[in-house]
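In full-length UniProt numbering, the protein residues as written are 1 to 546.
Read through the structure below, which is laid out as structure tokens, and then see the notes.
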């Protein structure tokens, strides 16, 4: 049994290959379970006790004196060793309670379940609201469709088509008349412009002589086209007054004036006659166009009146109103269908969300059911545990009284040291087997207040372990291990105050633990009182066993 870093790996077998060729003895080749069986601690180990802490009851080792006394489960082991079976039940209950300990998810299951249930309810309410709205939309849609069908029955297809055809024909005729009227009006404006132009030209001919003289004055060159000399104002004046050529200074021949004048007058007469004829033709065409335009305007007005009459008749018959209502209803039907589709998509989306939340509700319901089951079981176990605890407390009280009597009788051995003036022993009334030694000087000694290597602690542990083992020897015929190993009973150095009491106690120990094998290991071979120990112990050097 090896202790290495808090006995790490002690529960694993030490595997030795080819043990027959090994230098280890047969005993060293045993598995840990075989060792447990040989020692007799397997039943205790199977109940969950650590094998090294079990063994610490049968050993008082310097440097680790409180190994058993400070063990958390020491009280349970003492109970079981002394037949207090309720402790076994209590341990089973504690094990069950540990198994019933709520996981993190189970602790939050109730809250999370409520949260998801509320979320599911909220989504379901939203779905119901959407469905109600959808039903209202569907009802409205159904009403609109029925009204549209009713309007279709009210509208006489043949008469409606006839009125529509008549309106189309009238509109076409109106459009045609408007086009012809536009053409006549354009032609009328063109003729009017031509007439105005001819009239302007006639007016120009009447003032032609004056214009000619002005033209002659205006068109007189400023320079001679031969010598390029300037024509002075005097020369211009002579031309105007006497007909002298401004270029050469000679008189212009009269026949030259007369010939030009005749040719111009004859051409002007012909031109005026021609314009007059053209003007008369244009004015005649203008009058014709005015009549045609007037006729087309009257015809256009007549067609428009006919169209209005058809519309009025149609409106008075109810068809127009029905059609307007039908068109309006068709738009409303389309809007309602779009809205219904949108609501359906929203409902589907909500259903998807509800499905996911419902899944969470189911999962958290399972976890919450497990939580409730555990809590109910915990409540039952705790109620049962409280009953057992009271009964076990009474059994422990009786055992503690016996241990107190035994310890007080053993205190009589200590006559020269710390416990020489001890008056009694009292165990705590709680669940532990802690105790206090009272002295005549009104001081109290408790191993729980001492250091691990305190010399006084050695006296406490010799007294405590011996008392428990002695009572156990009387209580039961079968003890797991009838052994008491004491390592360095005098501590790491001489203790002048208590050395004599330690020696006296060791000498009495074989009589107290008659059926136990006692092993005492000491480093000091020159210890005072060695001869006395030799009377009760077989002293051998340790080298013999190495």
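Each residue gets a CB set at the ideal place from its N, CA and C atoms; glycine is no exception.
Nonlocal neighbours in the same chain, by C-beta distance under 8 Å from residue i, ignoring five residues either side
i	result
residue 377	96 and 100
residue 456	418, 445, 450 and 498
residue 303	170, 173, 174 and 177
residue 350	123, 126, 127 and 130
residue 144	329, 332, 333 and 336
residue 371	102, 106, 107, 109 and 110
residue 148	326, 329, 330 and 333
residue 288	none
residue 354	120, 123, 124 and 127
Inter-residue Cα distance where the pair is residue i and residue j
i	j	result
residue 173	residue 194	32 Å
residue 516	residue 106	52 Å
residue 290	residue 200	22 Å
residue 189	residue 286	9 Å
residue 56	residue 375	37 Å
residue 113	residue 373	16 Å
residue 306	residue 296	15 Å
residue 484	residue 104	46 Å
residue 51	residue 39	10 Å
residue 341	residue 329	18 Å
residue 119	residue 380	34 Å
residue 403	residue 468	7 Å
residue 574	residue 191	The structure shown does not extend to residue 574, since the chain is modelled only from 1 through 546, so no value can be given for it.
residue 88	residue 76	8 Å
residue 275	residue 284	14 Å
residue 490	residue 502	7 Å
residue 461	residue 368	50 Å
residue 92	residue 385	10 Å
residue 219	residue 232	Reliability of the predicted coordinates at residue 219 is poor, the pLDDT of 48 falling under 50, and the value obtained from them is presented with this limitation in mind. Near 14 Å, if we compare the C-alpha coordinates of residue 232 and residue 219.
residue 358	residue 399	59 Å
residue 534	residue 410	22 Å
residue 142	residue 150	12 Å
residue 480	residue 443	37 Å
Bridge partners - residue i, DSSP secondary structure assignment
i	result
residue 425	437
residue 520	486
residue 444	438
Cutoff 7 Å; reference residue i; Cβ partners in own chain excluding five residues on either side
i	result
residue 508	413
residue 510	518 and 536
residue 49	73 and 77
residue 300	174, 177, 178 and 181
residue 448	434
Residue i, enclosing alpha helix (DSSP H) - first and last residue
i	result
residue 56	51-56
residue 123	104-154
residue 463	455-475
residue 39	32-39
residue 66	Counting along the chain, residue 66 falls outside any alpha helix (DSSP H), and DSSP gives it neither H nor E.
residue 505	499-512
residue 72	First-last for residue 72: undefined, no H or E at that position.
residue 537	Unbroken run through residue 537: none, as it is neither H nor E.
Residue i - containing beta strand (DSSP E), residue span
i	result
residue 479	Residue 479 -> no beta strand (DSSP E), and no H or E assigned at all.
residue 59	59-61
Assumed close pair residue i, residue j - CB separation to whole angstroms, cut-off 8 Å
i	j	result
residue 488	residue 538	That pair is no contact at about 18 Å.
residue 343	residue 134	4 Å
residue 69	residue 505	Contact doesn't hold; Cβ gap of about 17 Å is too wide.
residue 512	residue 60	So it is not a contact: roughly 14 Å between Cβ atoms.
residue 137	residue 339	5 Å
Close-in-space but distant-in-sequence residues of the same chain around residue i (CB under 6 Å, 5 per side omitted)
i	result
residue 531	none
residue 437	422, 425 and 445
residue 86	388, 391 and 392
residue 54	41 and 44
residue 500	416
residue 5	Any reading at residue 5 needs caution, since the residue's pLDDT is 49, under 50, leaving its predicted position unreliable; the model's value is listed next. Within the same chain, residue 5 has no close Cβ partners at all.
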